[in-house]
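Numbering (the UniProt record's numbering), first residue to last: 1 to 277.
For every residue, glycine included, the Cβ atom is placed at its ideal position computed from N, Cα and C.
Bear in mind that the values here come from a model prediction, so they are computed numbers and not experimental data.
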């Protein structure tokens, strides 16, 4: 598995080049970023050279197509998706991810039908460039009632939805926070096959009752109560070899980006050490 970063929890990062160089400096092997933006900043040749010289892989990029609202908004984003997918393929990025909000103001059944069709189309476009689409279930209890109608928030339901989408390049974005807030165990992870996981996120939780945990108030790996060693060990056991990227959605700490990178490295060292990784 590769140690990865997202910009969430890193403070102010001024450029993708700084982000990549800093990740390498602190021993990380992958970053999540928009590959088209990197090419627009540096040019394709320099972007590839930067990734090669630092030993950094682009772990994933976000699906920026608006698949949650109107058909007009959805279709308006497809041309840009093709451009980003082309850039991702040029930079050897193999994953694109999106999250599933656990409730919606739209009627759930029609929304499910539309979202299934839209995500299938996105997966088809990505698949043409050798890219997988990762779906992230969101377990935070307070978001289940944030909007009018309940939707999907469990791993089991997400796996069933993947079957309905019926695209071979659709998998899970598995986040330790949502694994924990769903009350799942390592046994649940051991039931998965590695090909069902497109990407993984790691972060930690405060010592509070699960229903009180807020989605935007997370901790850095190793600073909370989630069994992250068990989470990672389970991924190793099933044969997952992809990126595990930190995503710490939290209020600003006042620390510099260098301090936050050092904090992130310390957390990874702590939770990866029992595995010898």
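Segment contact: the segment 161-175 against the segment 205-225, fewer than three CB-CB distances shorter than 8 Å; contact not assigned. DSSP places residue 19 in the uninterrupted alpha helix (DSSP H) bounded by 16-25. If you look at residue 75, you'll find it in the alpha helix (DSSP H) that goes 71-76.
Burial of residue 140 is indicated by the presence of at least 16 other C-beta atoms within 10 angstroms of its C-beta.
Relative to the Cα of residue 58, the nearest Cα in the group 68, 70, 268, 85 belongs to 85. Between the alpha carbons of residue 222 and residue 243 lies a gap of roughly 18 Å.
Assignment of residue 246 by DSSP, reduced to helix, strand and coil, places it in the strand class. Following the DSSP letters along the chain, one finds residue 261 inside the alpha helix (DSSP H) bounded by residues 257-272.
Measuring C-alpha to C-alpha distances from residue 129 to each of 106, 80, 160, 92 identifies 92 as the nearest.
Taking a 10 Å sphere around the C-beta of residue 152, we find 16 or more other C-beta atoms and assign the residue as buried. Contact between residue 4 and residue 246 is confirmed by a C-beta separation of about 7 Å, below the 8 Å threshold. By the Cβ-count criterion, residue 236 is exposed, with fewer than 16 other Cβ atoms from all chains shown falling within 10 Å of its own Cβ.
DSSP places residue 149 within a strand segment (E or B) once states are collapsed to three. The bridge partners DSSP lists for residue 202 are 246. Residue nearest to residue 131 within the set 148, 76, 82 is 82 (criterion: CA-CA distance).
DSSP places residue 129 outside any beta strand (DSSP E), giving it a letter other than H or E. With a cutoff of 8 Å on beta-carbon distance, residue 123 and residue 73 are scored as not near each other. Sequence-distant Cβ neighbours of residue 233 in its own chain, meaning closer than 8 Å and more than five residues away, are 186, 274, 275. A Cβ-Cβ distance of about 31 Å is found for the pair residue 35 and residue 103, leaving them out of contact under the 8 Å criterion. Cβ neighbours of residue 94 within its own chain (closer than 7 Å, five residues either side excluded): 130, 131, 132.
With respect to the 8 Å criterion, residue 11 and residue 181 are not classified as neighbours on the basis of their beta carbons.
A Cβ-Cβ separation of about 7 Å places residue 42 in contact with residue 17 under the 8 Å criterion. Judged by DSSP in its simplified three-state form, residue 180 adopts helix.
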